[in-house]
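Just so you know, we're using the working numbering here: the sequence shown kicks off at 107 and counts up by one.
All C-beta atoms in this analysis are idealised placements derived from N, C-alpha and C, irrespective of residue type, glycine included.
So the structure is just underneath, and the comments pick up after that.
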Amino acid sequence: MILFYLLVTVMPMIRHPLWSDFIGDLTVIKYLGLACLIYAVVYLPLRATSLRLFATWQIRFFVAWALLVMFLFLRYGDARLPLEVSPLMSFASLLALLFVTLTVVDSLQRLRWVLLMAIGSVGYASLHLIREWQKYGGMAAGYRPGWVVGDPNYYSISALLCIPIAIYLLRTKQPTWERFFCLGAVIVTVIALTLAASRGGLVGMAIGLLVMALHTRRRLTMLVIALVVTLPLMAVAPSSPLPRIVSPNQHDVYAAQHRADLAWAGLRMFQSHLLTGIGPGNFKPLLGRFADLDEHHVAHNTFIEVMAETEPRAGHANRRGAGGRSHRVPGRRLLRLGRGAPALLAHRVPVGRARPAGGDRDPVGVAVGSARPHAGNADGAAMRTLFLISHVPLPSNVGGNLRPYHLLRALTGISDVSVVCAVKPDDDPRYLAELRSMCHHVFPFPTASFQWRADSGRRLPALRAALQHLDPFEPALLKSYHSAPAVALLSN
Numbered sequence: 107m108i109l110f111y112l113l114v115t116v117m118p119m120i121r122h123p124l125w126s127d128f129i130g131d132l133t134v135i136k137y138l139g140l141a142c143l144i145y146a147v148v149y150l151p152l153r154a155t156s157l158r159l160f161a162t163w164q165i166r167f168f169v170a171w172a173l174l175v176m177f178l179f180l181r182y183g184d185a186r187l188p189l190e191v192s193p194l195m196s197f198a199s200l201l202a203l204l205f206v207t208l209t210v211v212d213s214l215q216r217l218r219w220v221l222l223m224a225i226g227s228v229g230y231a232s233l234h235l236i237r238e239w240q241k242y243g244g245m246a247a248g249y250r251p252g253w254v255v256g257d258p259n260y261y262s263i264s265a266l267l268c269i270p271i272a273i274y275l276l277r278t279k280q281p282t283w284e285r286f287f288c289l290g291a292v293i294v295t296v297i298a299l300t301l302a303a304s305r306g307g308l309v310g311m312a313i314g315l316l317v318m319a320l321h322t323r324r325r326l327t328m329l330v331i332a333l334v335v336t337l338p339l340m341a342v343a344p345s346s347p348l349p350r351i352v353s354p355n356q357h358d359v360y361a362a363q364h365r366a367d368l369a370w371a372g373l374r375m376f377q378s379h380l381l382t383g384i385g386p387g388n389f390k391p392l393l394g395r396f397a398d399l400d401e402h403h404v405a406h407n408t409f410i411e412v413m414a415e416t417e418p419r420a421g422h423a424n425r426r427g428a429g430g431r432s433h434r435v436p437g438r439r440l441l442r443l444g445r446g447a448p449a450l451l452a453h454r455v456p457v458g459r460a461r462p463a464g465g466d467r468d469p470v471g472v473a474v475g476s477a478r479p480h481a482g483n484a485d486g487a488a489m490r491t492l493f494l495i496s497h498v499p500l501p502s503n504v505g506g507n508l509r510p511y512h513l514l515r516a517l518t519g520i521s522d523v524s525v526v527c528a529v530k531p532d533d534d535p536r537y538l539a540e541l542r543s544m545c546h547h548v549f550p551f552p553t554a555s556f557q558w559r560a561d562s563g564r565r566l567p568a569l570r571a572a573l574q575h576l577d578p579f580e581p582a583l584l585k586s587y588h589s590a591p592a593v594a595l596l597s598n
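Here it is as structure tokens:
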């Protein structure tokens, strides 16, 4: 049982330097999950009561839906998608976790310990998040920590699940140590949730408080206590969701509008494939067919994405490349580029509304046969393109050296800058998946094009200085090429 407690404890820490490390083809946490699965199979005949696996309709519907998604992905999914980030692996892991949980948590005592482990795990992850904000963010306003927990929004989901559980346990009869444990976890989690500055997290917390108030006799008292504790903290904290809602900056406005555009695109997907959707894992690849957006992202809304995906024919059409425009570039359509920075110059890259800052120059990229980008609004500011080549695998570069990730995330957070990152064709799939989640476009380049040139003239120091400006305390750890639009960007 200790293995399952340990599994629950490490779940919120997606990029922990130990549990996310690879041994062979699997991460340490996956080996731990396999060990828990073996333990559950061995423990199954030893249970005091029989296992009622499908006792509730929620479980029946979830299992049926998971099996359907896995089948559709095997039949119609994108074969180029790495297995470890595919819907197949995600739902297989969820089904295994469901079986293990229902098998080994067979008493109220074990259930209570699992809940305490979950509360403690989020509290420990909160300490990581607070430390990241203090060390790497310099305790600055607007910095949103979230490396170890994967993302500030991911962390907010975990926190919103565990804070109500801890509060409910505090209302029960507990040993003294357990009461202090839950109270301490709630305090550090609320602080970290504030620093994460998730607007959706704030809405979720408000809804959670209302639900909890409806199920208690002292509703008004509970709401007043919650408001007195949380609102002053969010008002005085350097980073919190309140400023992003009350006085959003340009990036906050852009992010909100982009999520609204993604939601409308998801609704159009649903309307186009009313019965079955567009296929598991196809929301991001097929987004260009339903919306003309600067960036292609996941839906940022679980309900929209689930509603939009599941159509077999859409997955088949995506593999054939029939019509539309995809942000992926097939390997056989890559240009054979020469060495050096000039090799990064090519024509006709699908960059949405992006326009180079160099004026009349063609857009910069590596894809051939793609549609030309839209010119955008002539009266508005042009989207500027910055080319980067990272030689540091971001997911593996954890521990005390996280600056490449933060540098790249800071660049991608600039609303009018389109970051295009080049990678080697044989790079680690985990690395590519990480880059795709942040950059506007990620393109494979021939390995020969990655020769670092020291004779790049005056523009190379300018590019390195621009990267170092994001973090003046240490040299930039991202080696970068440049292009004419990038030089124009750096000169502004």
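So, Leu-159 versus Leu-138, is the Cβ gap smaller than 8 Å? no
Practice task
In the DSSP assignment, find the alpha helix (DSSP H) that holds Glu-415 and state where it starts and stops.
Solution key: In this chain, Glu-415 is not harboured by any alpha helix (DSSP H), its DSSP state being neither H nor E.
Item to check | Paired residues, beta bridge with Phe-128 - DSSP | outcome: Thr-133
Tell me the rounded alpha-carbon separation between Gln-356 and Arg-350. 10 Å
Exercise. DSSP state of Val-330, grouped into three classes?
Worked result: helix
* Does the segment 230-239 come close enough to the segment 195-214 that 3 or more CB-CB pairs lie under 8 Å? -> no
Host alpha helix (DSSP H) of Trp-253 (start-end): That residue, Trp-253, is in no alpha helix (DSSP H); it is neither H nor E in DSSP.
Next item on the list: Could you name the residues of the same chain whose beta carbon sits closer than 6 Å to that of Gly-505, not counting the 5 residues immediately before and after it, in chain order?
Entry: Only weak support exists for where Gly-505 lies, its pLDDT of 38 falling under 50; the coordinates are left without a value.
>> On a Cα-Cα basis, can you pick out the residue from Trp-163, Gly-183, Thr-115, Leu-174 that is closest to Asn-388?
In response: Gly-183
So Val-220 and Tyr-149 are supposed to be a Cβ contact under 8 Å. How far apart are they, rounded?
Wrong, their Cβ atoms sit about 15 Å apart, outside the cutoff.
Worksheet entry | 4 or more residues per run - each alpha helix (DSSP H) lying fully within the segment 297-370 | 305-320, 325-342, 347-352
### Message
Our contact map puts Val-116 next to Ser-199 with C-beta atoms below 8 Å; I'd like the distance itself, whole angstroms only.
### Response
So it is not a contact: roughly 14 Å between Cβ atoms.
Q. Are the CB atoms of Met-119 and Ala-302 nearer to each other than 8 Å?
A. no
| said: Please report the distance separating the alpha-carbon of Phe-409 from that of Ala-272. | reply: 27 Å
Residue nearest to Val-330 in terms of C-alpha spacing, selected from Ala-343, Leu-316, His-321, Val-342:
Leu-316
(message) Whole angstroms are fine: how far does the CA of Trp-239 sit from the CA of Ala-246?
(response) 8 Å
What's the gap between the Cα of Gly-306 and the Cα of Asp-257?
13 Å
From Arg-285 to Leu-276, what does the alpha carbon distance come to, in whole angstroms? 6 Å
Next item on the list: Decide if Ile-384 is buried, meaning its Cβ has at least 16 other Cβ atoms within 10 Å, or exposed.
Entry: By the 16-neighbour rule on beta-carbons within 10 angstroms, Ile-384 is buried.
In or out: Pro-391 buried (at least 16 other Cβ within 10 Å) or exposed?
buried
Alpha carbon to alpha carbon, how far is Asn-407 from Thr-295? Give it in angstroms, no decimals. 23 Å
- Query: For the candidate residues Met-318, Phe-168, Ser-345, whose alpha-carbon lies nearest to that of Pro-251?
  - Reply: Ser-345
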